[in-house]
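Written below as structure tokens is the structure these notes are about.
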Amino acid sequence: MLSKESIEKIEYELTKYPEDQRRAAVMSALRIVQTEKGWLSPESISDVAQYLGIPEIAALEVATFYNMYDLEPVGEHKITICTNISCMLRNSDEIVEHLQKKLGVGFNEVTKDGKFCLKEGECMGACGGAPLMSVNNTKMHEFLTVEKVDEILKELE
Numbered sequence: 065m066l067s068k069e070s071i072e073k074i075e076y077e078l079t080k081y082p083e084d085q086r087r088a089a090v091m092s093a094l095r096i097v098q099t100e101k102g103w104l105s106p107e108s109i110s111d112v113a114q115y116l117g118i119p120e121i122a123a124l125e126v127a128t129f130y131n132m133y134d135l136e137p138v139g140e141h142k143i144t145i146c147t148n149i150s151c152m153l154r155n156s157d158e159i160v161e162h163l164q165k166k167l168g169v170g171f172n173e174v175t176k177d178g179k180f181c182l183k184e185g186e187c188m189g190a191c192g193g194a195p196l197m198s199v200n201n202t203k204m205h206e207f208l209t210v211e212k213v214d215e216i217l218k219e220l221e
């Protein structure tokens, strides 16, 4: 069941599209529900589809195609590291190793305290700031060093 707050936000998103094009708001609706619940359960995806009046498979296709959607619980802070060529050439592998050691998890794992989840990301389109990472799909950090990563983690704790 979608919360009243989520419905209000989805309704706002729907104002951006013609009335007969509710499907156009599926990405926004999934993002809204994921932000509220922390991840997208099969029930949440179904609720979004029902609310928008689209087939469940249409919402599921979107949720499984884009890596910004989480289909299982993640930590309070989802850290996504870009490991594509531009970031790799600027030592993203060093950042990955440092994070894995410091957090004690590999990619797609959550720390024991539930605080952090580490994800490998595709190109984030900011190659000039490589290496980079995003936190919770909302804040991007560029020009990473081991020291800068430690500062970011400290702020998140």
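In the working numbering, the protein residues as written are 65 to 221.
Glycine included, C-beta positions come from ideal geometry on N, C-alpha and C.
Given the structure is predicted, the values throughout are model-derived calculations rather than measurements.
Inter-residue spacing [alpha-carbon to alpha-carbon] between residue i and residue j
i      : j      : result
GLY168 : LYS80  : 43 Å
MET91  : ASP157 : 31 Å
ARG154 : GLU206 : 11 Å
LEU78  : GLU211 : 43 Å
GLU83  : CYS191 : 38 Å
ILE118 : MET132 : 21 Å
GLN98  : VAL112 : 11 Å
ASN172 : THR147 : 14 Å
THR209 : ILE159 : 7 Å
LEU116 : ARG87  : 6 Å
LEU220 : MET152 : 25 Å
SER108 : ILE145 : 26 Å
ILE96  : ASN200 : 13 Å
LYS68  : GLU120 : 21 Å
According to DSSP, residues forming a beta bridge with residue i
i      : result
CYS146 : GLY185
HIS141 : PHE180
GLU173 : LEU182
Extent of the continuous beta strand (DSSP E) to which residue i belongs
i      : result
MET197 : 197–199
LYS203 : 203–205
For residue i, the first and last residue of its enclosing alpha helix (DSSP H)
i      : result
MET65  : Per DSSP, MET65 belongs to no alpha helix (DSSP H) and is neither H nor E.
GLU161 : 156–167
GLU221 : No alpha helix (DSSP H) contains GLU221, which DSSP labels as neither H nor E.
GLN98  : 90–101
Any non-hydrogen atom of the ligand NAP within 7 Å of residue i CB
i      : result
TYR133 : The ligand NAP is not part of the structure shown, which contains no ligands of any sort.
contact_flag[the region 135–142, the region 174–186] where n(CB pairs < 8 Å) is 3 or more: Yes: the two stretches touch, three or more of their Cβ pairs being nearer than 8 Å.
Segment contact flag, the region 158–166 with the region 123–130, C-beta cutoff 8 Å, min 3 pairs: Contact between the region 158–166 and the region 123–130 is absent: fewer than three C-beta pairs spanning the two stretches fall below 8 Å.
Runs of alpha helix (DSSP H) lying entirely within the region 105–137, each at least 4 residues, in chain order: Correct list: 106–116, 120–129.
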